[in-house]
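Student: One structure follows; several queries about it will come next.
Structure follows, in structure tokens:
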């Protein structure tokens, strides 16, 4: 499982392949034994950047998402440009600073007896109830625990979405992501989940488009 080139329904290509056992042995030889190994030539940071693939489907019905390994001098990256996005009325998501009066309220009703199913993500040892990786955020009772239909999660009444305009060029998102949420609830405790998605427009292989999970987090308050 360490040497596959996919995660969930995303195929990253042969450039993603890495022999994890060889990597660990090289590290131990260098650190514990003082031997020369490939670690001597490593940069301070090595990261894998997902995306920029063909966006078509492969023979295993996975999305050709693409990606590449690259070396960097430090973390956070020197080229990082912190960028804020703001939730807007009507479901918009823009980098424009909202005005003082531009703070409409958004509400929803959450039913703990019908929770939003978890579809992929950064999950460890959750199989088979929660499968890790990237997936179209669409229910599938045969694959995802808690799914009751094949609809997009975004159509649920207890899911609120905010989306940027269509991107005119490639945008890389690398580094820590924070969300500042102001919320209140009539319940004693409730869960709030924030999720960042890569939205693929409709295509011949995916006529309804795709909503691919990139990262998420949850808080109980």
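Residue numbers (the working numbering): 8 to 228. Even glycine gets a Cβ: it sits at the ideal position worked out from N, Cα and C. Please read these numbers as outputs of a predicted model, since none were measured by experiment.
(1) Is the CB-CB distance between residue 33 and residue 44 below 9 Å?
(2) What are the residues that DSSP puts in a beta bridge with residue 170?
(3) For residue 36, name the three-state secondary structure that DSSP assigns.
(4) Within 10 angstroms of its Cβ, does residue 57 collect 16 or more other Cβ (buried), or is it exposed?
(5) Let me know the secondary structure DSSP gives residue 143 once reduced to three states.
(6) Rounded to the nearest angstrom, what separates residue 84 and residue 181 at their Cα positions?
(7) Determine the direct distance from the alpha carbon of residue 65 to that of residue 119, and round the result to whole angstroms.
(8) By Cβ distance below 7 Å, which residues in the same chain neighbour residue 159 in space, the five residues on each side in sequence not counted?
(9) Measuring CB atoms only, is the region 152-172 touching the region 123-132, in the sense that at least three cross pairs come out at less than 8 Å?
(10) The beta strand (DSSP E) that contains residue 82, what's its start and end?
(11) Do the CB positions of residue 98 and residue 167 come within less than 9 Å of each other?
(12) Would you report the Cα separation of residue 215 and residue 69, rounded to the nearest angstrom?
(13) List the endpoints of the continuous beta strand (DSSP E) containing residue 224.
(14) Would you identify the three-state DSSP class for residue 50, choosing helix, strand or coil?
(15) Starting from residue 199, follow the beta strand (DSSP E) in both directions and report where the run begins and ends.
(16) Report back the beta-carbon spacing between residue 72 and residue 19 to the nearest angstrom; my notes put them in contact at under 8 Å.
(17) Once DSSP output is grouped into helix, strand and coil, what is the label at residue 192?
(18) Check whether the Cβ atoms of residue 22 and residue 75 sit closer than 9 Å, and answer yes or no.
(19) Measure the Cβ-Cβ separation of residue 81 and residue 207 and say whether it is below 9 Å.
(20) Could you tell me the alpha carbon to alpha carbon distance between residue 105 and residue 95, rounded to whole angstroms?
(21) Buried or exposed: where does residue 142 fall if 16 or more other Cβ atoms within 10 Å of its Cβ makes it buried?
(22) Use the C-beta contact count for residue 16: other C-beta atoms within 10 angstroms, 16 or more gives buried, fewer gives exposed.
(23) Sort 30, 31, 79 and 42 by Cα distance to residue 52 and report the nearest one.
(24) Less than 6 Å between C-beta atoms, sequence neighbours within five positions excluded: which residues of the same chain meet that for residue 30?
Tutor: Short version:
(1) Yes, these two residues count as a Cβ contact at 9 Å.
(2) DSSP, once it has assigned bridges, lists 99 as partnering residue 170.
(3) Three-state DSSP puts residue 36 in a helix.
(4) Buried, by the Cβ-count rule.
(5) Strand, per DSSP.
(6) Rounded to the nearest angstrom, the two C-alpha atoms are 8 Å apart.
(7) Taking the straight line from one Cα to the other gives about 37 Å.
(8) Non-local C-beta neighbours of residue 159 in its own chain, meaning closer than 7 Å and more than five positions away in sequence, comprise 144, 145 and 218, ordered along the chain.
(9) Of all C-beta pairs linking the region 152-172 to the region 123-132, three or more are shorter than 8 Å, placing the two stretches in contact.
(10) Run containing residue 82: none; DSSP gives neither H nor E here.
(11) Yes, they are a contact pair.
(12) Their backbone Cα atoms lie some 15 Å apart in a straight line.
(13) That run of the beta strand (DSSP E) goes 217-227.
(14) It is coil, neither helix nor strand.
(15) For residue 199, the enclosing beta strand (DSSP E) covers residues 198-207.
(16) The C-beta distance from residue 72 to residue 19 rounds to 6 Å, short enough to fall under 8 Å.
(17) Shown here, residue 192 sits in coil according to DSSP, grouped into three states, outside any helix or strand.
(18) Yes. Within cutoff.
(19) Going by C-beta atoms, residue 81 is not nearer than 9 Å to residue 207.
(20) Rounded to the nearest angstrom, the two C-alpha atoms are 8 Å apart.
(21) Buried.
(22) Its Cβ being crowded by 16 or more others within 10 Å, residue 16 is buried.
(23) Among 30, 31, 79 and 42, the Cα nearest to that of residue 52 is on 79.
(24) There are no such residues.
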